[in-house]
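Numbered according to our numbering, the sequence shown spans residues 3 to 698.
We put the CB at the ideal spot given by N, CA and C, even for glycine.
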Amino acid sequence: MRCRVDFCFDCRSNRCAQVVFYIVYLCNTIVNVGFNLKKEVIMKRMAMLAAAVVATGFAAPSPDYADRDIFTDGEFFVGCNYWAKNAGMYMWSQWRPDIVDKELETLARYGTRVMRVFPLWSDFQPLTGDCFAGGNYRSYRFRDNKPLPNWAGVDDEMMKRFRQFCDMAQKHDIKLIVGIVTGWMSGRQFVPPVFEERNVLVDPEAIMWQTRFVKYFVREMKNHPAIAAWDYGNECNCMGARGTAMFYNWMDHIGMAIRLTDASRPIVSGMHGLSTFERASAPIRLNGELSDILCTHPYMFYVSGCGKEAFNTMRIALHPTAESVLYRDLGGRPCFVEEIGNIGTSCVSDERTAAGMRTTMFSAWANDLKGCLWWCNSDQEVLDFPPYSLTPYERELGMLRQDLTPKAIMLEMDAFQRFRASLPFRKLPKAKTDAVIIVPEKEAGWIPGFGAYILARQAGFNPMFAGAEKNLPDSGFYIVVSPETCDGYSYPAQRRFFEKAKSGATVLLIYSGSARYTHIREQAGVKIDYCCQAPCEKSFTLDGRRISVNDEITCRMLPAEAEVLCKTASGEPVFTKFKNGKGTMLMCNAPIDRQAIARTDVFTGENVQPYYLVLREAAKIAGVKSVVEKGDCPWVGFTEHPAADGSTIVMAINFEPRTMECPVKINGRLGRVWRGDVKSDKIVLDPNEVALFEVK
Numbered sequence: 003m004r005c006r007v008d009f010c011f012d013c014r015s016n017r018c019a020q021v022v023f024y025i026v027y028l029c030n031t032i033v034n035v036g037f038n039l040k041k042e043v044i045m046k047r048m049a050m051l052a053a054a055v056v057a058t059g060f061a062a063p064s065p066d067y068a069d070r071d072i073f074t075d076g077e078f079f080v081g082c083n084y085w086a087k088n089a090g091m092y093m094w095s096q097w098r099p100d101i102v103d104k105e106l107e108t109l110a111r112y113g114t115r116v117m118r119v120f121p122l123w124s125d126f127q128p129l130t131g132d133c134f135a136g137g138n139y140r141s142y143r144f145r146d147n148k149p150l151p152n153w154a155g156v157d158d159e160m161m162k163r164f165r166q167f168c169d170m171a172q173k174h175d176i177k178l179i180v181g182i183v184t185g186w187m188s189g190r191q192f193v194p195p196v197f198e199e200r201n202v203l204v205d206p207e208a209i210m211w212q213t214r215f216v217k218y219f220v221r222e223m224k225n226h227p228a229i230a231a232w233d234y235g236n237e238c239n240c241m242g243a244r245g246t247a248m249f250y251n252w253m254d255h256i257g258m259a260i261r262l263t264d265a266s267r268p269i270v271s272g273m274h275g276l277s278t279f280e281r282a283s284a285p286i287r288l289n290g291e292l293s294d295i296l297c298t299h300p301y302m303f304y305v306s307g308c309g310k311e312a313f314n315t316m317r318i319a320l321h322p323t324a325e326s327v328l329y330r331d332l333g334g335r336p337c338f339v340e341e342i343g344n345i346g347t348s349c350v351s352d353e354r355t356a357a358g359m360r361t362t363m364f365s366a367w368a369n370d371l372k373g374c375l376w377w378c379n380s381d382q383e384v385l386d387f388p389p390y391s392l393t394p395y396e397r398e399l400g401m402l403r404q405d406l407t408p409k410a411i412m413l414e415m416d417a418f419q420r421f422r423a424s425l426p427f428r429k430l431p432k433a434k435t436d437a438v439i440i441v442p443e444k445e446a447g448w449i450p451g452f453g454a455y456i457l458a459r460q461a462g463f464n465p466m467f468a469g470a471e472k473n474l475p476d477s478g479f480y481i482v483v484s485p486e487t488c489d490g491y492s493y494p495a496q497r498r499f500f501e502k503a504k505s506g507a508t509v510l511l512i513y514s515g516s517a518r519y520t521h522i523r524e525q526a527g528v529k530i531d532y533c534c535q536a537p538c539e540k541s542f543t544l545d546g547r548r549i550s551v552n553d554e555i556t557c558r559m560l561p562a563e564a565e566v567l568c569k570t571a572s573g574e575p576v577f578t579k580f581k582n583g584k585g586t587m588l589m590c591n592a593p594i595d596r597q598a599i600a601r602t603d604v605f606t607g608e609n610v611q612p613y614y615l616v617l618r619e620a621a622k623i624a625g626v627k628s629v630v631e632k633g634d635c636p637w638v639g640f641t642e643h644p645a646a647d648g649s650t651i652v653m654a655i656n657f658e659p660r661t662m663e664c665p666v667k668i669n670g671r672l673g674r675v676w677r678g679d680v681k682s683d684k685i686v687l688d689p690n691e692v693a694l695f696e697v698k
């Protein structure tokens, strides 16, 4: 038997929440050990519970959470991940408060309001020890053979320096997200010496000492008003464990240690590269279960299918939004862009970086993501130790130069903040969503999900995501992405989206040769002739435009009861329509979602492969309506934000580095225009620019 309580972080300002955590923790311990405990043991643990309740009730209260809530609906923060420019990861052992204070003052002057900071684990808990045979330790010591200074083995001088850092952040009105277990950073481990040869996510002694460190650190710092949130640590899923259960147990253990010590702040995941696959080492849903806030680290070269065009083009600009919306929708938690960067000037110019980040920030804000943090604060060109010596681009990733003069990205983030401050509204109403993209959870679903998301934005509507293996949100329009294997969707999952069609929705099934669906003829009105492991190309015409799609596996379809909307030159159906119950089943027998990501001629350039036309036609059949209907201009994306007064705020983003004249039909009266050249029949957007206006 296992006990567990989950509740929203907004409730944790109530001190009773902390008491509940103590009760659950102790009862869980008693139940899990068994009911054969001696009476005196049970009484002892109940006494511990009573003491915990008393201690909680009379402890000095944390500052009111509302004063430091950075995750409010409709708000959006910008900032950076911070390592001091003089020492990088060794800033705590080479502590220079004068340099840090000047750097924070400069960052705040240019609009930085939130920073993510890292108490380096190897500095804050520098454990060594005496090792027995078999790798077991008989005793633990501090650095230089000194005895441990406290029960947690934490360096109090480092705690003093961290508190001083928080004081400086408070002085400059900067809120902090603290990545507590920072044992991984920029491609290398920073763990205590005693654990250098261990898998620190599964080793019981390593977890014991991590738990002590977390409890000590949080207890010492929880009353500081500059701290807005705790973070498990930097990309902790990269530190060791390679199994779902192993990683779940580590997160559950560390998360409970944080909550038992401070239940007033949210816990941020801090992880990188989560998966829709339910048995991956770090699934999205698992992180949503054990975190209050999810985050993404959407680097263009470190996430599959992303780094194929220039930094300020549609694929790259929509990557942070698409990945973060996927995490939020599957994980059921708010999400923000916790790390983003350009991998240095040897990869992207300062000017292109600023232009790309303009579209990224506006897109993230429009989709109710909570913020965006750049990696990192300043260039670190003077550092000559790993990782800076091994990966040279790590030396030039800052928003500020070494002399603290701002780069273009710093000025762009400041301009974004100033523009938002100039608006008559502070909070942007939530964007309307027009469709649900269903992704597989029996395998990784990022690639087809990402492809379908961008194609939907090209087609003129704004989608959300849902995992196939759970109940689906209500919608009139669903897009089922193509699976990579025959096991991509379980039978219950297939039944769910087929039932949506029967109940009145329009369901677009994007088919690949690998897909296997039961009763496909009854559900979609098509007949599969044969499939074989041979590559194929399918070409067809839609709206007078030629479309060509490759597939690694041939799946030949024959016409049956479905209406054929598009077919190849040989007569094979490619896009079909079938009445299913009260709704409609659409089927595209070509993996346009996966091919959109595989190719480089779908999102960028003047003569793109118009895969988006399939989704545009599907949206038309589904009856998707927009306040602003755009013409054939796939490089401009729109979001619509219904306001409380009945008007609609509309954001249009040009994702291309060239001027766009986008024809539009406005269903209403054009109201105030806060940004951009907006007319009743067209919107003219400069390269990577944004229009924001009102329709009444």
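Query: Using the three-state DSSP reduction, which class does Gln-611 fall into: helix, strand or coil?; Result: coil
Query: Once the 5 residues before and after Leu-413 are set aside, which same chain residues still bring their CB inside 8 Å of it?; Result: Tyr-112 and Ala-356
Query: For the region 502–548, list the beta strand (DSSP E) runs that are entirely contained and at least 3 residues long, ordered along the chain.; Result: 508–512, 528–534 and 538–544
Query: Give a yes or no on contact between the region 377–395 and the region 430–446, applying the rule of three or more CB pairs nearer than 8 Å.; Result: no
Query: Please classify Lys-148 as buried or exposed, where buried requires at least 16 other C-beta atoms within 10 Å of its C-beta.; Result: exposed
Query: Who are the Cβ neighbours of Ala-1 in its own chain at under 7 Å, not counting the five residues just before and after it?; Result: Shown here, the chain extends from 3 to 698; a query on residue 1 therefore has no answer.
Query: Let me make sure I understand the geometry here. Which of Pro-494, Lys-502 and Gly-515 has the alpha-carbon closest to that of Cys-488?; Result: Gly-515
Query: Quick test of your reading: Leu-672 and Met-587, contact by CB under 8 Å. State the CB separation rounded to the nearest angstrom.; Result: That pair is no contact at about 38 Å.
Query: Suppose you measure from the CA of Gly-275 to the CA of Ser-283; what does that come to, to the nearest Å?; Result: 10 Å
Query: Write down the C-beta distance between Thr-602 and Thr-315 rounded to the nearest angstrom, noting that I regard them as a contact closer than 8 Å.; Result: Rounded, the Cβ-Cβ distance is 10 Å, inconsistent with contact.
Query: Where does Ile-456 sit, in a helix, a strand or coil, going by DSSP?; Result: helix
Query: State whether the region 623–642 contacts the region 651–668, with contact taken as three or more CB pairs (one from each stretch) at a distance under 8 Å.; Result: yes
Query: Classify Asp-476: buried if its beta carbon has 16 or more other beta carbons within 10 angstroms, exposed otherwise.; Result: exposed
Query: What whole-angstrom Cβ distance do Asn-236 and Thr-184 have, given they're in contact under 8 Å?; Result: 5 Å
Query: Rounded to a whole number of angstroms, what is the C-alpha to C-alpha distance between Leu-711 and Ser-188?; Result: Since the first residue shown for the chain is 3 and the last is 698, residue 711 is missing from the structure and cannot be characterised.
Query: When the distance is taken between beta carbons, is Gly-346 closer than 8 Å to Trp-376?; Result: no
Query: Pull the bridge partners of Met-589 from the DSSP assignment, please.; Result: Leu-511 and Thr-578
Query: How far does the beta strand (DSSP E) with Phe-640 in it reach, from first residue to last?; Result: 638–644
Query: Given a threshold of 16 other Cβ atoms within 10 Å of its Cβ, counted over all protein chains shown, does Phe-577 qualify as buried or as exposed?; Result: buried
Query: Which partner residues of Glu-684 appear in the DSSP bridge assignment?; Result: Correcting the residue identity first, residue 684 is Lys in this sequence and not Glu. Lys-684 is bridged to Pro-665.
Query: Name the residue from Glu-107, Pro-121, Leu-109 and Asn-83 whose alpha carbon lies nearest to the alpha carbon of Trp-97.; Result: Pro-121
Query: Who are the near neighbours of Met-241 in its chain, counting only those whose CB is closer than 6 Å to its CB and skipping five residues on each side?; Result: Gly-185, Trp-186, Val-202 and Leu-203
Query: Helix, strand or coil: which one does DSSP assign to Ser-424?; Result: helix
Query: Between which two residues does the beta strand (DSSP E) harbouring Pro-561 extend?; Result: 556–561
Query: Output the distance between the C-alpha atoms of Met-161 and Ala-503, rounded to the nearest integer angstrom.; Result: 58 Å
Query: Just mark His-521 as buried or exposed, buried being the case when its beta carbon has 16 or more other beta carbons within 10 Å.; Result: exposed
Query: Cα-Cα, which of Thr-361, Phe-421, Ser-348 and Pro-465 is closest to Ile-439?; Result: Pro-465
Query: If you run the structure through DSSP and keep just helix, strand and coil, what is Met-161?; Result: helix
Query: In three-state DSSP terms, what is Gln-404?; Result: coil
Query: Near Ser-682, which residues of its chain fall below 6 Å by C-beta distance, leaving aside the five closest residues on each side in sequence?; Result: Ile-668 and Leu-672
Query: Taking 8 Å as the cut-off, decide whether the C-beta atoms of Arg-287 and Leu-332 are in contact.; Result: yes
Query: Measure the alpha-carbon distance for Pro-300 versus His-321 and round it to whole angstroms.; Result: 7 Å
Query: Given Val-483, which residues of its chain have a CB within under 6 Å of its CB, disregarding the five upstream and five downstream residues?; Result: Val-441, Pro-450, Gly-451, Ala-454, Ile-512 and Asp-595
Query: Quick check on DSSP: helix, strand or coil for Asn-239?; Result: helix
Query: Out of Val-604, Ala-368 and Arg-281, state which residue places its alpha-carbon closest to the alpha-carbon of Thr-246.; Result: Arg-281
Query: For a quick check, are the C-beta atoms of Arg-221 and Ala-208 less than 8 Å apart?; Result: no
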